[in-house]
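K.L.:
One structure coming up, written as structure tokens, with questions to follow.
2 protein chains.
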Amino acid sequence: LLATTGERLLLGVDLGGSAVKYGLITSEGAIVDHGKIPTLVERGPEDILHRIACALDELLARDGRRRTDILAVGFGSPGPLSTQRGVVIDTPNLQWKDVPVQATLEQDLGLPLVLHNDANAAAYGEFWKGAGREAQIMVLYTLGTGVGGGICLNNDLLVGPGENAGELGHMVLDPHGPQCPCGHFGCLEAFSAAKAIVRDMLIAIASGEETSLKAVDQAAITAKRIFEAARDGDAVARRLFHRAGWCLGLASGNLVNVLNAEMFVFGGAMSGAWEILHPAILEGARASAMAMPFEEIKFVRAELGENAGMIGAAGLALRAYGS
Amino acid sequence: LLATTGERLLLGVDLGGSAVKYGLITSEGAIVDHGKIPTLVERGPEDILHRIACALDELLARDGRRRTDILAVGFGSPGPLSTQRGVVIDTPNLQWKDVPVQATLEQDLGLPLVLHNDANAAAYGEFWKGAGREAQIMVLYTLGTGVGGGICLNNDLLVGPGENAGELGHMVLDPHGPQCPCGHFGCLEAFSAAKAIVRDMLIAIASGEETSLKAVDQAAITAKRIFEAARDGDAVARRLFHRAGWCLGLASGNLVNVLNAEMFVFGGAMSGAWEILHPAILEGARASAMAMPFEEIKFVRAELGENAGMIGAAGLALRAYGS
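Residue numbers (this note's numbering), protein chains in the order written: chain Y, 3 to 325; chain B, 3 to 325.
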């Protein structure tokens, strides 16, 4: 295992609000080994970056690898951030401001690093090795507290001149719709994020609608709990998940018309509600898609699960530093 | 002029419902000579294509050129069409069905030809030699009876796997909005096309709203007439043009978020209403754009006017057949 082909390996890091996932990845996208450490946001960025460097060193040691076996490190982080400058500009989740991730870790590790938005890294992962690997144009939605995403086309990740492409949750679908945390009205995220579903369930309860959750403590009303109620036939819960899926479909159909995107991949915790979301996604997409035959458009669940970001980050390191 | 550098030239053709524009174009995008013939839709596709071949031959003869001076022909046509197959599949305007434009004209002219959607050709023209030449990602809207468009990124036209990318008029902006000719509800085109403005002016008159156009014969109420009324201060006319611009801005802001598109170019007859459209476009874009600093986004008029399609088609011929 030590003296093999001399193939250079990659390190992929996926920085999340509660945990950092990292892995040793081949240039074919296979996971050789991987690990996870808690983020411990309260300790601040220097501490987190230092512990990530140590964890990567330990991973290499555990597998009998040297730093010279590694081509580069890919690092996925919540944004906004700048890949060009290697800096995380601002993350509400982590409360980081202008953190020079690339410079810090390149110095600590002695390896080249590329920094990307976490949702973009996940999109690249699914495009490279997951559900989107057959697609010409793939759109990934990451469904969680918010709605993020990424777009791959021309066999590459679309980063955009502002380094911030793929803000799919902020396509306005109805300017008369509810306000989004971004301040605008009627963004996809304001309909389809976990937060939006919880918000509207609380509104429904407050306005006296008949739902099995009306007796439940407000703090216990999560998107997961609402999904379970929907699965048990609760009409309000079903309506909210249906709308979430319908809006995801409508947004997808818009991207069929604009880009001819032909594969839509849904990942993130809320994609677990697939049995309710999927038919609603199809229905919503039929209300907008017209630039391609509908049967040629694919709507599928992500395949790489929580490894998508780590694998994608490694792929982006290969893209940046591979020959 | 005859015995110059030996540079190969291009022919660009822009097929429209009433006229065919064509030109002899250098590989730098400069017009050497150009002409125009009536389309005469009623005579059918064979007649039109034959007259185009004759017109191109005459153009060459007039300029003392031979066919061997020409690298290739670019042909812009209303769609849907297939560039790969060289076939116009269906055009409501021209009433063409499965017309093999590429095979027919390649045989007649003895020159290679590439067929593209007319709005895509215009987009490529503006990107290559017009308002978008500084942009990394440029979106062109063609504002006329309907709303068409095209997207250029990665220094290329985005065609898409369905060969039908850039259907910008069919981004749904409000599923509760008016019905679009495509059958869906609340498409951009259903708010911002000339047809939509005329439709809603007639509705406003029928419902007794106070407008200077209420005494005008219905058949004389065109978008141009409504624009003149708006310029003269008519409140209903102003409201309709404001909404048209606002929706164009909202759609543009969505593309800022999805693609980081940073330049939006507005062409077509209705872009003549720029003085009213432009401020409304900015206002609409502010209601959706959030993925780039607003001041970095450009909203401009097209520069090539009615030559955009012809120049762009020539550019696409160079793209397809240039070394």
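Backbone N, C-alpha and C fix where the C-beta goes; we use that ideal spot for every residue, glycine too. All of these numbers come straight from a predicted model, not from anything done at the bench.
In chain Y, which residues lie less than 8 angstroms from I139 (chain B) when you measure between Cβ atoms?
P.N.:
As a working mapping, residue 139 (chain B) is identified with position 137 in the second sequence. Residues of chain Y passing the Cβ test: G162, P163.
K.L.:
Just list the residues that DSSP pairs D16 (chain B) with in beta bridges.
P.N.:
Stepping through the second sequence from its first residue, residue 16 (chain B) is reached at position 14. D16 (chain B) is bridged to B:K23, B:G78.
K.L.:
Give every residue of the same chain whose Cβ lies closer than 7 angstroms to the Cβ of G251 (chain B), excluding the five residues on either side of it in the sequence, and list them in chain order.
P.N.:
Position 249 of the second sequence, counted from the start, is the residue given in the question as residue 251 (chain B). Excluding positions up to five away in sequence, the list reads A282, I283, L284, E285, G286, A287.
K.L.:
Would you tell me roughly how many angstroms separate the C-alpha atoms of L4 (chain Y) and R67 (chain Y), rounded to the nearest one?
P.N.:
As a first step, residue 4 (chain Y) is located in the first sequence; it is residue number 2 there, counting from the start. As a first step, residue 67 (chain Y) is located in the first sequence; it is residue number 65 there, counting from the start. With a pLDDT of 45 at L4 (chain Y), under the threshold of 50, the modelled position of this residue cannot be trusted; read the value that follows with caution. Each residue's alpha carbon lies about 7 angstroms from the other.
K.L.:
Whole angstroms are fine: how far does the CA of G185 (chain B) sit from the CA of I328 (chain B)?
P.N.:
The structure shown does not extend to residue 328 (chain B), since chain B is modelled only from 3 to 325, so the question has no answer here.
K.L.:
Straight-line CA distance for T41 (chain Y) to L155 (chain Y)?
P.N.:
Within the first sequence, the letter at position 39 stands for residue 41 (chain Y). Within the first sequence, the letter at position 153 stands for residue 155 (chain Y). Cα-Cα distance, rounded: 32 angstroms.
K.L.:
Report yes or no: is there a C-beta of chain Y within less than 8 angstroms of the C-beta of V267 (chain B)?
P.N.:
Along the second sequence, one-based indexing puts residue 267 (chain B) at 265. No, no contact with chain Y.
K.L.:
When you compare the CB of S79 (chain Y) with every CB in chain B, is at least one pair closer than 8 angstroms?
P.N.:
For the purposes of this step, residue 79 (chain Y) is identified with residue 77 of the first sequence, where counting begins at 1. Answer no: the Cβ-Cβ gap between S79 (chain Y) and chain B never drops below 8 angstroms.
K.L.:
Can you list the residues of chain Y that W95 (chain B) reaches, using a CB-CB cut of under 7 angstroms?
P.N.:
The residue labelled residue 95 (chain B) in the question sits at position 93 within the second sequence. Here residue 95 (chain B) is Asn; the residue named in the question, Trp, does not match the sequence. Within 7 angstroms Cβ-Cβ: nothing; N95 (chain B) doesn't reach chain Y, min ~17 angstroms.
K.L.:
Could you confirm whether any beta carbon from chain Y is found closer than 8 angstroms to the beta carbon of T6 (chain B)?
P.N.:
Counting from 1 along the second sequence, the entry for residue 6 (chain B) is found at position 4. Confidence at T6 (chain B) is low in this model, with a pLDDT of 49, below 50, so the placement of that residue should be treated as unreliable; the coordinate-derived value is given next. For T6 (chain B), the answer is no, since every Cβ of chain Y falls outside 8 angstroms of its Cβ.
K.L.:
Which residues mark the beginning and the end of the alpha helix (DSSP H) in which P47 (chain Y) is found?
P.N.:
Translated into the one-based positions of the first sequence, residue 47 (chain Y) becomes position 45. Unbroken alpha helix (DSSP H) run through P47 (chain Y): 46-64.
K.L.:
State yes or no: is the beta carbon of L250 (chain B) nearer than 8 angstroms to at least one beta carbon in chain Y?
P.N.:
Here residue 250 (chain B) refers to the residue found at position 248 of the second sequence. Output row for L250 (chain B): interface = no.
K.L.:
Roughly how many angstroms separate the alpha carbons of K197 (chain B) and M203 (chain B), rounded to a whole number?
P.N.:
Here residue 197 (chain B) refers to the residue found at position 195 when the second sequence is read from its first residue. Here residue 203 (chain B) refers to the residue found at position 201 when the second sequence is read from its first residue. K197 (chain B) and M203 (chain B): Cα-Cα distance of roughly 10 angstroms.
K.L.:
Could you tell me which residues DSSP puts in a beta bridge with F268 (chain B)?
P.N.:
Within the second sequence, the letter at position 266 stands for residue 268 (chain B). According to DSSP, which records beta bridges pairwise, F268 (chain B) is partnered with B:Y143, B:R303.
K.L.:
Is there a Cβ from chain Y that is less than 8 angstroms from the Cβ of N122 (chain B)?
P.N.:
As a working note, residue 122 (chain B) is residue 120 in the second sequence. No, N122 (chain B) does not count as interfacial toward chain Y.
K.L.:
Is DSSP giving L113 (chain B) helix, strand or coil here?
P.N.:
Position 111 of the second sequence, counted from the first residue, corresponds to residue 113 (chain B). Coil, per DSSP.
K.L.:
Quick check: what's the CA-CA separation for V103 (chain B) versus E298 (chain Y)?
P.N.:
As a working mapping, residue 103 (chain B) is identified with position 101 in the second sequence. As a working mapping, residue 298 (chain Y) is identified with position 296 in the first sequence. So the two alpha carbons sit approximately 26 angstroms from each other.
K.L.:
Cβ of V174 (chain B) less than 8 angstroms from any chain Y Cβ?
P.N.:
For the purposes of this step, residue 174 (chain B) is taken as residue 172 along the second sequence, with counting starting at 1. Yes, V174 (chain B) counts as interfacial toward chain Y.
K.L.:
Name the one or two DSSP bridge partners that K99 (chain Y) has.
P.N.:
Position 97 of the first sequence, counting from 1, holds the residue named residue 99 (chain Y). DSSP output for K99 (chain Y) lists Y:D92 as bridge partner(s).
K.L.:
Could you give the distance in angstroms between the alpha-carbon of L61 (chain B) and the alpha-carbon of D35 (chain B)?
P.N.:
In the second sequence, residue 61 (chain B) corresponds to position 59, counting from 1. In the second sequence, residue 35 (chain B) corresponds to position 33, counting from 1. Their backbone Cα atoms lie some 8 angstroms apart in a straight line.
K.L.:
Taking G255 (chain Y) as the reference, which of B:N262, B:L170, B:A206 has the closest Cα?
P.N.:
Locating residue 255 (chain Y) in the first sequence gives position 253, where the first residue counts as 1. Ranking B:N262, B:L170, B:A206 by Cα distance to G255 (chain Y) puts B:L170 first.
K.L.:
Tell me whether the stretch 121-132 of chain B and the stretch 305-319 of chain B touch, counting them as touching only if at least three CB pairs, one residue from each stretch, are closer than 8 angstroms.
P.N.:
Judged by Cβ distances under 8 angstroms, the stretch 121-132 of chain B makes contact with the stretch 305-319 of chain B, as three or more pairs qualify.
K.L.:
Going by CA-CA distance only, name the one from B:P80, B:Q86, B:G235 that's closest to A93 (chain B).
P.N.:
By one-based count along the second sequence, residue 93 (chain B) stands at place 91. The residue asked about is misnamed: residue 93 (chain B) is Thr in this sequence, not Ala. Answer by Cα proximity: B:P80.
K.L.:
Which of the three DSSP states is assigned to Q104 (chain B) in this structure?
P.N.:
Position 102 of the second sequence holds residue 104 (chain B). The answer is helix: DSSP assigns Q104 (chain B) an H, G or I state.
K.L.:
Closest to Q138 (chain Y) by CA distance: which of Y:L160, Y:G146, Y:T144, Y:L145 is it?
P.N.:
Numbered from its first residue, the first sequence carries residue 138 (chain Y) at position 136. Ranking Y:L160, Y:G146, Y:T144, Y:L145 by Cα distance to Q138 (chain Y) puts Y:L160 first.
K.L.:
Quick one: what's N119 (chain Y) bridged to in DSSP?
P.N.:
Residue mapping note: residue 119 (chain Y) aligns to position 117 of the first sequence, counting from 1. For N119 (chain Y), which the question treats as bridged, DSSP gives the partners Y:S79.
K.L.:
Taking 8 angstroms as the cut-off, does the stretch 72-79 of chain B touch the stretch 105-125 of chain B (at least 3 CB pairs, one atom from each stretch)?
P.N.:
Touching, per the Cβ criterion.
K.L.:
On a Cα-Cα basis, can you pick out the residue from Y:S20, Y:E30, Y:V22, Y:G146 that is closest to L320 (chain Y)?
P.N.:
For the purposes of this step, residue 320 (chain Y) is identified with residue 318 of the first sequence, where counting begins at 1. Closest option to L320 (chain Y), Cα to Cα, is Y:E30.
K.L.:
Does V15 (chain B) get closer than 8 angstroms to chain Y when you measure Cβ to Cβ?
P.N.:
Within the second sequence, numbered from 1, the residue matching residue 15 (chain B) stands at position 13. No, its Cβ sits nowhere closer than 8 angstroms to a Cβ of chain Y.
K.L.:
Count the other CB atoms within 10 Å of the CB of G274 (chain B); is the residue buried (16 or more) or exposed (fewer)?
P.N.:
As a working mapping, residue 274 (chain B) is identified with position 272 in the second sequence. Answer is exposed; the Cβ neighbour count stays below 16.
K.L.:
What residues of chain Y sit near C154 (chain B), judged by a beta carbon separation below 7 angstroms?
P.N.:
Here the question's residue 154 (chain B) lines up with position 152 in the second sequence. Ordered by position in chain Y, no residue passes the 7 angstroms Cβ test against C154 (chain B), which lies about 12 angstroms from the chain.
K.L.:
Note down, in chain order, each residue of its chain lying with its Cβ closer than 8 angstroms to the Cβ of I54 (chain Y), except the 5 sequence neighbours on either side.
P.N.:
Counting from 1 along the first sequence, the entry for residue 54 (chain Y) is found at position 52. The answer, listed in chain order, is V15, L17, V22, Y24, I39, L107.
K.L.:
Going by DSSP, what residues sit across from K38 (chain B) in a beta bridge?
P.N.:
In the second sequence, residue 38 (chain B) corresponds to position 36, counting from 1. Answer is B:K23, bridged to K38 (chain B).
K.L.:
Show which residues of chain Y have a CB atom less than 8 angstroms away from the CB atom of A289 (chain B).
P.N.:
Here residue 289 (chain B) refers to the residue found at position 287 of the second sequence. V174, P177, H186, F187, listed in chain order.
K.L.:
Buried or exposed: where does F243 (chain B) fall if 16 or more other Cβ atoms within 10 Å of its Cβ makes it buried?
P.N.:
Position 241 of the second sequence holds residue 243 (chain B). Its Cβ being crowded by 16 or more others within 10 Å, F243 (chain B) is buried.
K.L.:
Thinking C-beta only, is A121 (chain Y) closer than 8 angstroms to G162 (chain Y)?
P.N.:
Walking along the first sequence from the start, residue 162 (chain Y) turns up at place 160. Walking along the first sequence from the start, residue 121 (chain Y) turns up at place 119. Contact flag unset, no.
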